[in-house]
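Student:
Numbering (the UniProt record's numbering), first residue to last: 1 to 492.
Okay, structure coming up:
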C-alpha cells in the first residue's frame, strides 16, 4: 500500500501537469475550438434523460395560445386528492365555481397508457421601459410544462394535444354562458387586459321597441352574415360586419346590442377608447378577442379625441398615441382579418360629428337610426310592461299625441312602470305626452319670437348700414363732377 507521502506527491505532480496543460491549451488552442471541445466532452459525459418536456406558453407572440387556454380548462377536471393548492373564484353572476391550478402545482394524466405529467409555472420579472410611460412595471410569464417519454412524442403531438383541444371546446359548449368583456387597465403585470363577467341582459328582438321593418331588416342582415363564411372567403373580404347605431339618448341602442348578442349567442367586448393610449395596444386588444363575438365602441363621437388626419394643426400629443388612422386600420385594415365571424358596433348620439372615413361601407356597413318612440313601439312596450294584447280606449289619443310629440322609448317605459293598473299607467302616459306637447309648443313659440326679433334686428341694422352708403354715393358723385370741371378749366 502506497504511503501518504507518495500519494501527495502523485497528486501534486498531476495537478502541476494539469495546470501546465491548461496554460498550453489557452496559448495554443483558439477560443472557439476550446469551447467546442468542452461542449463535446460535457455531452459525452452527460446523463441523457429519456423524458421530453413541452412548454406551452400563455401567449403566442402577440396573440393568445389556444393550447394554453384548452389546457387551463381541461386540467381543472383532472384535479385529484394529490393536488395541494388550487385557485377558486366566482363572479357575481356566475352559476358555478371557476377552478384553476395554483403556480407550481403538478398533475398526472393518462392517455392510452401514456403517463403525462403537467406542471403550471408563473415567472415574474422586473421589466419597465424608461422611455415608455405606459409600459407595465412588471411582467408575468405563465406557462404549462408537459413531460412524457420521448418515444411517445408523435403520439402526444398528433393525438393527445388535439384531444385536449377537443375536450376543452366541448366543455365550453356545455357550459356556454355569454360573456361581457371590459378593459382592466389596472392589471399589475400585462397592462390593459380583457376581464369578463356573465352577460345576462334579458333584451331580445321581441322586447326592443323599434320600427318593425327596421327590426326585420337587422335580423335578416345578421342571418345572412353568419351563413356567408364561404362567400366572404370567395370575394376576398374579412368575415366581419360593421353597424352604426345612432339616435337620441334613451332610444334603445344598448338594448339592441344585447338583443343581437342574445340572438347570435356572441360574447360582447366593450371597448372604451379612453383607456387606450397607443395604436399597438389597440391591435393587441383586437387579437385578444375571440371569434363569434361583438365588439362595441359606444359614443364614438365623444369617447376620445383622435388626431384628425384631414387637419394638420401641428399640435403634438406626447401622452396619447392613439390616432384616427390606427382606429381605421383596426376596423378595416389588414389587422381586421385576424379573426372570423366578428361584428363591430359603434354607437353615437350625433352622427354628423363623425369623420366621414368612419362612415363608409366596409367599416360601418349598416346604419341603424334609433328614433323616438313610435305608436308601434308603444304597443310593444304596453304588451311587455302591462300585458295589453288588445285595443284600449286610450290608444287612439296616444297615437295622435305621439305623432305630434317626440318621446324616447325609455321615457315611455318608465311611465308604464309607475303603476300595475292599466288605466292608471296609460292615463299617466297621456299626461306625459300632453305635457311634452305643451312644452314643445311653448318652445316653438319662443323660437319663433326669437327668430322674429332677430329678423327685425337684422332689418333695422340693414337700414342703418344703407344710409351711409347713399351719402357716400352722393359725395362720390360730387367729387367726380368737380374733377371733370377742373379738367375742363385746365384745357381751356
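Ideal Cβ positions, reconstructed from N, Cα and C, are used throughout, including at glycine.
Please read all numbers here as calculations on a predicted model, not as lab measurements.
#1: Since residue 402 contacts residue 246 with CB under 8 Å, what's their CB separation in whole angstroms?
#2: Give me the residue from 171, 229, 179 and 258 with the minimum Cα distance to residue 206.
#3: So what's residue 145 in DSSP terms, helix, strand or just coil?
#4: Between residue 327 and chain C, is there a C-beta pair that is closer than 7 Å?
#5: Leaving out five residues before and five after residue 485 in sequence, what residues of the same chain have Cβ atoms less than 7 Å from its Cβ?
#6: Going by Cα to Cα distance, which pick from 261, 147, 161 and 53 is closest to residue 202?
#7: Looking at the structure shown, is residue 97 part of a helix, part of a strand, or coil, going by DSSP?
#8: Indicate the three-state DSSP secondary structure (helix, strand or coil) for residue 322 in the structure shown.
#9: For residue 300 and residue 347, which I take to be in contact (beta-carbon distance under 8 Å), what is that distance rounded to the nearest angstrom?
#10: Pull up the distance between the alpha-carbon of residue 134 and that of residue 204, whole angstroms please.
#11: At the level of alpha carbons, what is the spacing between residue 174 and residue 109?
#12: Rounded to whole angstroms, what is the Cα-Cα separation between residue 419 and residue 383?
#13: What is the DSSP secondary structure of residue 35, counted as helix, strand or coil?
#14: Does the count of Cβ pairs from the stretch 145–163 and the stretch 94–102 closer than 8 Å reach three?
#15: Measuring CA to CA, which of 209, 297, 389 and 395 is closest to residue 429?
#16: Give the DSSP-derived three-state secondary structure of residue 240 in the structure shown.
#17: Please report the residue range of the beta strand (DSSP E) in which residue 205 lies.
#18: Tell me the residue span of the beta strand (DSSP E) that contains residue 270.
#19: What does the alpha-carbon distance come out to for the pair residue 264 and residue 254?
#20: Grab the span of the beta strand (DSSP E) containing residue 51 for me, first residue to last.
#21: Within 8 Å, do at least three Cβ pairs link the stretch 55–66 to the stretch 80–89?
#22: Determine whether the beta carbon atoms of residue 150 and residue 123 lie at a separation below 7 Å.
#23: So residue 286 and residue 338 are in contact, right, with Cβ under 8 Å, and what is the actual spacing, rounded?
#24: Alpha carbons only, please: which of 88, 252 and 240 is nearest the one belonging to residue 291?
#25: Distance check for residue 235 and residue 227, CA to CA, integer angstroms please.
#26: If I'm right that residue 267 touches residue 181 with Cβ under 8 Å, what's the distance once you round it to whole angstroms?
#27: Taking the beta carbon of residue 98 as the centre, do at least 16 other beta carbons fall within 10 Å, making it buried, or is it exposed?
#28: Look at the alpha carbon of residue 118 and the alpha carbon of residue 107, and state the distance between them as a whole number of angstroms.
Tutor: Reading it off the structure:
#1: Between residue 246 and residue 402 the Cβ distance is about 21 Å, and since that is not below 8 Å, they are no contact.
#2: Residue 258 is the option with its Cα nearest to residue 206.
#3: In the structure shown, residue 145 falls within a strand segment according to DSSP collapsed to helix, strand and coil.
#4: No chain C is part of this structure, which consists of one protein chain only.
#5: Low confidence applies here, because residue 485 scores a pLDDT of 47, under 50, leaving its location unreliable and the question unanswered by this model.
#6: Nearest C-alpha to residue 202 among 261, 147, 161 and 53: 261.
#7: Coil, per DSSP.
#8: Per DSSP, reduced to three states, the secondary structure at residue 322 is coil, with no helix or strand assignment.
#9: Contact between residue 300 and residue 347 holds: their C-beta atoms lie close to 7 Å from each other, under 8 Å.
#10: Confidence is the limiting factor: at residue 134 the pLDDT is only 47, short of 50, which leaves the residue's position unreliable, though a coordinate-based value still follows. Answer to the nearest angstrom: the Cα atoms are 40 Å apart.
#11: Roughly 22 Å between the two C-alpha positions.
#12: The C-alpha of residue 419 lies about 14 Å from the C-alpha of residue 383.
#13: Looking at residue 35 - three-state DSSP - the assignment turns out to be helix.
#14: No, the stretch 145–163 is not in contact with the stretch 94–102.
#15: Nearest Cα to residue 429 within the set 209, 297, 389 and 395: 395.
#16: In this structure, residue 240 counts as strand in the three-state DSSP scheme.
#17: Where residue 205 is concerned, there is no enclosing beta strand (DSSP E), given that its DSSP letter is neither H nor E.
#18: First-last of the beta strand (DSSP E) with residue 270: 267–270.
#19: Residue 264 and residue 254 have their alpha carbons spaced roughly 16 Å apart.
#20: Its beta strand (DSSP E) spans residues 51–57.
#21: Result no; under three Cβ-Cβ pairs closer than 8 Å.
#22: Cβ distance not < 7 Å, so residue 150 and residue 123 don't count as in contact.
#23: Their Cβ separation, rounded to whole angstroms, is 7 Å, which keeps residue 286 and residue 338 in contact under 8 Å.
#24: Put simply, of 88, 252 and 240 the residue whose alpha carbon is nearest the alpha carbon of residue 291 is 240.
#25: Pairing residue 227 with residue 235, the inter-Cα distance amounts to about 15 Å.
#26: 7 Å between Cβ atoms; contact.
#27: Looking at its Cβ environment, which holds fewer than 16 other Cβ atoms inside 10 Å, residue 98 is exposed.
#28: Answer to the nearest angstrom: the Cα atoms are 5 Å apart.
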